[in-house]
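Protein sequences appear in the order of chains A and B.
Quick note: the first sequence uses this note's numbering, first residue 2, plus one each step.
Quick note: the second sequence uses this note's numbering, first residue 2, plus one each step.
Each residue gets a CB set at the ideal place from its N, CA and C atoms; glycine is no exception.
Please read these numbers as outputs of a predicted model, since none were measured by experiment.
There are 2 protein chains.
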Amino acid sequence: MSENDTRLVDELTAAARAALPALRVAPSVQKDAALRAFARLLRAEQAALAAANERDLGAVAGETKAFRDRLTLDPERIEGMAAGVEVVAALPDPVGETVTAWRRPNGLEIAQVRVPLGVIGVVYESRPNVTADAAALCLKAGNAVILRGGSEAIATNRAIADFARRALEEASLPPAAIQLVPTTDRAVVKQMLEAQDRIDVIIPRGGPSLLHAIHESARVPVIQHFEGVCHTYVDRAADLAQALAIALNAKTSRPGVCNALETLLVHRDVAAAFLPEMAAAMRARGVELRGCPETRALVPDVVPATERDWDTEYLDLILSVRVVADLGEAIAHVARHSTGLAEAIVTEDRAAARRFAREVDAAAVFVNASTRFTDGGEFGFGAEIGISTNRLHARGPLGVRELTTTKYVVQGDGQVR
Amino acid sequence: MSENDTRLVDELTAAARAALPALRVAPSVQKDAALRAFARLLRAEQAALAAANERDLGAVAGETKAFRDRLTLDPERIEGMAAGVEVVAALPDPVGETVTAWRRPNGLEIAQVRVPLGVIGVVYESRPNVTADAAALCLKAGNAVILRGGSEAIATNRAIADFARRALEEASLPPAAIQLVPTTDRAVVKQMLEAQDRIDVIIPRGGPSLLHAIHESARVPVIQHFEGVCHTYVDRAADLAQALAIALNAKTSRPGVCNALETLLVHRDVAAAFLPEMAAAMRARGVELRGCPETRALVPDVVPATERDWDTEYLDLILSVRVVADLGEAIAHVARHSTGLAEAIVTEDRAAARRFAREVDAAAVFVNASTRFTDGGEFGFGAEIGISTNRLHARGPLGVRELTTTKYVVQGDGQVR
Chain A
2 MSENDTRLVD ELTAAARAAL PALRVAPSVQ KDAALRAFAR LLRAEQAALA AANERDLGAV
62 AGETKAFRDR LTLDPERIEG MAAGVEVVAA LPDPVGETVT AWRRPNGLEI AQVRVPLGVI
122 GVVYESRPNV TADAAALCLK AGNAVILRGG SEAIATNRAI ADFARRALEE ASLPPAAIQL
182 VPTTDRAVVK QMLEAQDRID VIIPRGGPSL LHAIHESARV PVIQHFEGVC HTYVDRAADL
242 AQALAIALNA KTSRPGVCNA LETLLVHRDV AAAFLPEMAA AMRARGVELR GCPETRALVP
302 DVVPATERDW DTEYLDLILS VRVVADLGEA IAHVARHSTG LAEAIVTEDR AAARRFAREV
362 DAAAVFVNAS TRFTDGGEFG FGAEIGISTN RLHARGPLGV RELTTTKYVV QGDGQVR
Chain B
2 MSENDTRLVD ELTAAARAAL PALRVAPSVQ KDAALRAFAR LLRAEQAALA AANERDLGAV
62 AGETKAFRDR LTLDPERIEG MAAGVEVVAA LPDPVGETVT AWRRPNGLEI AQVRVPLGVI
122 GVVYESRPNV TADAAALCLK AGNAVILRGG SEAIATNRAI ADFARRALEE ASLPPAAIQL
182 VPTTDRAVVK QMLEAQDRID VIIPRGGPSL LHAIHESARV PVIQHFEGVC HTYVDRAADL
242 AQALAIALNA KTSRPGVCNA LETLLVHRDV AAAFLPEMAA AMRARGVELR GCPETRALVP
302 DVVPATERDW DTEYLDLILS VRVVADLGEA IAHVARHSTG LAEAIVTEDR AAARRFAREV
362 DAAAVFVNAS TRFTDGGEFG FGAEIGISTN RLHARGPLGV RELTTTKYVV QGDGQVR
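Written out as structure tokens, the structure reads:
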């Protein structure tokens, strides 16, 4: 840790905190004007943005095609980024919302009101659209944000952050509300994670190794977003056609994301009726199956599942399958192997649905729907900054509301205790 | 750190986590039955409890009277403890409460529902009633709790925790839902603070040195409860008689607590009319005044306030006083010196009240009322486990609701993405 790094994080956080009073009282129209100006600049300065992106791509010529593709900004992606910022501008402002309010017997009127959270650190990898998304969401909720993107995207991210800061100035808001860490030195991340009382929360976005490293070393509170080992349980009372459609969607619509299906649990009474058809449909979509002995007895050529399979987030076209004796065994399997993100039951039995929803402990529990709906957009939040597997503060998809805290405003007329 | 300490915390947390599934689904009537049995045992076994308390008192014969008084349980305090547990039993159960629910265009019905937080660690000093209060509040919200009280109260706390566990057994709930750390070894606290993913949150209760030590070293999320350097600002448009009553109440009704007044800010236009009378009334109640030069020019024999005074939580009959030029200067003083707990304005000016409430960033902001109302009981929560100065999860007085998290329950009829 050089003295320069420490000074850099000191400067970034001091500037961010100095911006908070103006952000706290900024009316929605002012914040939304900044967001619309940001979107306009992203479109208008498309050529400059593409040139910055070219510089980043030139420096990673040796990387894989997938890596380079994630990093690439084409006109369509730039338009998507600008449109995303406009979606955030159009969202209702969570700041000032009254969560709950009541009157006490002594006449005091107590209101719990949403206010900005403060200074948010976002540490992320690769996709440059996160720079625009995170900046927009944090600003909407009246927060200052310190962005630390991947080193491979530094030129692109700088260009995007510059547009955001120009937009803030246009709207007469402090540009320090949106800051990008200007170096790729990893020591800066460490300093950010230790900036207790100067950064209010860190939101990491990226792969498991980044997330676990941050979880292990952060002193600043972190909103976690861990793996999703998601299950779907096909109950004895399931509509089997519905169960198949849900399982296929959850496994194959986008296998590389956290809310995709990894393990299918099937009630023994319907295993013979369900598994062969399910296996054929999955295989037709290129899915490899790994099964328990009962599954393998019903479906030919299924690879044996090992204990490790039950705890693996494949993020790929692989599905582990287990036959269970009853609902209780399904719930016990989920309790043991779930990462707490999203779990589903398919059943027409009201009591089974109620029990599963009550006993399964996850950010989102689905009855007769795909776990793929665990998503801020699908929940109707307009945009999301991630999905929390935390138990504190916010759990599940994070929208702008989750980027606020509350304060109590108490009105009296001279009450004393 | 001996191997025994590590094993002890492993055992406590494993037992607590094993109790969670039963707690998660326990109906309110069952939890309330356990709480009422706990209250009954505290009363019925009063003699055994007093004997345990005598053993603790015998071991601290050399301590101050105040220290011994805090530790002492007499029949009145035991009754107060039992009655407090009954108050918690009578509270509405927060578990199962729907926070918000909506229907999506695709027909999905999404409900955000309160569920228990998990395993809560409570680390506290001295007063044995915290053992009963914390156990009752955590159980009410369906959590398992690991209690670590002060070494001076170990026999008393053990007796109280034993009654709680007998009550759990009577109500057919797992006794591991309430556990007391059976040793006074400080290494165990350190282990608790590092038990990430096994303890969900630590709630410390005690003096500043305990709180700051925990804040500095905890890896488990902590709900902070720091000092209260609370201000009351007497605006130009204040009803001065009301301002005096509020200031006297906030300073003198219980000076040793966090929500007591420490610094009085007075608008210059009313300083001459307000300060001499205020000073006389405060002095009549034994309050020492420390003032800025303008205050000292208006009131004889006021000690000069130093820069340090503005940041000091006296917890005593001392009041610092500063004359300010206007509302903006008052808000700026508060922004610089507030610890974010409770702040008040006294004014009849609607615009001034609105500006103060909007711009001042604290867990509770009062208009024309005493900061002493920053309290779970006064807010109507029935009981409190502390007051949070966190920005994440919960801010302000913590009731049973703040001891829960939420999950989303999503009902569909075959929706896929």
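Considering Cα atoms alone, identify which of the options is closest to residue i.
| i | options | result |
| --- | --- | --- |
| A40(A) | L181(A), D201(A) and A168(A) | A168(A) |
| A263(B) | P209(B), Q225(B), L316(B) and A272(B) | As written in the sequence, residue 263(B) is Glu, which differs from the Ala given in the question. The shortest C-alpha separation from E263(B) is found at L316(B). |
| L245(B) | D57(B), N369(B) and R37(B) | N369(B) |
| I120(B) | S254(B), L13(B), I247(B) and D350(B) | The sequence given here has Val at residue 120(B), not Ile. Checking every option, the nearest Cα to that of V120(B) belongs to L13(B). |
| G287(B) | F275(B), Y125(B) and P256(B) | P256(B) |
| A34(B) | L174(B), L299(B) and G63(B) | L174(B) |
| V88(B) | A395(B), K408(B) and G377(B) | G377(B) |
| P301(A) | R309(A), E308(A) and R291(A) | R291(A) |
| I388(B) | A363(B), Q412(B), R351(B) and K408(B) | A363(B) |
| R359(A) | F227(B), P117(B), M279(B) and D163(B) | P117(B) |
| A20(B) | P176(B), D94(B) and A306(B) | P176(B) |
| V124(B) | L211(B), V114(B) and R71(B) | L211(B) |
| F164(B) | V347(B), E295(B), L43(B) and S321(B) | L43(B) |
| D57(A) | A67(A), T65(A) and L72(A) | L72(A) |
Please decide whether residue i counts as near chain A, where near means a Cβ-Cβ distance under 8 Å.
| i | result |
| --- | --- |
| D350(B) | no |
| F380(B) | yes |
| S254(B) | yes |
| W311(B) | no |
| Q416(B) | yes |
| D94(B) | no |
| S321(B) | no |
| P222(B) | yes |
| K408(B) | yes |
Find out if the Cβ-Cβ distance for the pair residue i, residue j is shorter than 8 Å.
| i | j | result |
| --- | --- | --- |
| S339(B) | V190(B) | no |
| E349(B) | A239(B) | yes |
| T375(B) | G341(B) | no |
| R1(A) | T406(B) | No answer is possible for residue 1(A): the residues shown for chain A start at 2 and end at 418. |
| G208(B) | A27(B) | no |
| R149(A) | M193(A) | yes |
| A354(B) | G397(B) | no |
| A145(A) | A178(A) | yes |
| A139(A) | L404(A) | A quick correction: the sequence has Cys, not Ala, at residue 139(A). Yes; because the gap between Cβ atoms is below 8 Å, this pair is in contact. |
| T296(A) | R323(A) | yes |
Please list, in chain order, the chain C residues whose beta carbon lies closer than 9 Å to that of residue i.
| i | result |
| --- | --- |
| P183(B) | In the structure shown, chain C does not exist; the protein chains are A and B. |
Give me the Cα-Cα distance between residue i and residue j, rounded to the nearest whole angstrom.
| i | j | result |
| --- | --- | --- |
| A343(B) | R105(A) | 18 Å |
| A49(A) | V258(A) | 31 Å |
| N260(B) | V410(A) | 15 Å |
| M2(A) | V182(A) | For M2(A), the pLDDT reaches just 49, beneath the cut-off of 50, and the residue's location in the model is therefore unreliable, although a value from the coordinates is still provided. Straight-line Cα distance between these residues: approximately 16 Å. |
| A135(B) | F357(A) | 30 Å |
| Q225(A) | G383(A) | 21 Å |
| P277(A) | Q243(A) | 15 Å |
| R18(B) | A281(B) | 58 Å |
| A23(B) | K32(B) | 11 Å |
| L399(A) | E379(A) | 12 Å |
| T157(A) | A274(A) | 53 Å |
| V223(B) | V202(B) | 6 Å |
| H213(A) | R237(B) | 54 Å |
| T233(A) | A326(A) | 15 Å |
| A16(A) | E308(A) | 50 Å |
| D75(B) | A51(B) | 7 Å |
Using a Cβ-Cβ distance cut-off of 8 Å, determine whether residue i contacts chain B.
| i | result |
| --- | --- |
| H226(A) | no |
| N144(A) | no |
| L276(A) | no |
| K141(A) | no |
| R25(A) | yes |
Nearer than 7 Å: is that true of the beta carbon of residue i relative to any heavy atom of the ligand ADP?
| i | result |
| --- | --- |
| S152(B) | Absence of the ligand ADP from the depicted structure is noted, as is the absence of any ligand whatsoever, leaving it without description. |
What beta strand (DSSP E) runs, 3 residues minimum, are completely inside the segment 55-139 of chain B?
-> 99-104, 110-117 and 120-125
Which whole runs of the alpha helix (DSSP H) in the segment 287-313 of chain B are 4 residues long or more, in chain order?
-> 294-299
3-residue-minimum beta strand (DSSP E) runs that sit fully inside the segment 133-212 of chain B, ordered along the chain | 145-149, 179-181 and 202-206
Start-end ranges of the beta strand (DSSP E) lying completely within the segment 303-382 of chain B, minimum 3 residues = Counting whole runs of 3 or more residues, the segment 303-382 of chain B contains the beta strand (DSSP E) stretches 319-325, 343-347 and 365-370.
3-residue-minimum beta strand (DSSP E) runs that sit fully inside the segment 245-278 of chain A, ordered along the chain = Segments of the beta strand (DSSP E) lying fully in the segment 245-278 of chain A: 262-268.
Minimum length 3: unbroken beta strand (DSSP E) runs contained in the segment 208-241 of chain B | 231-235
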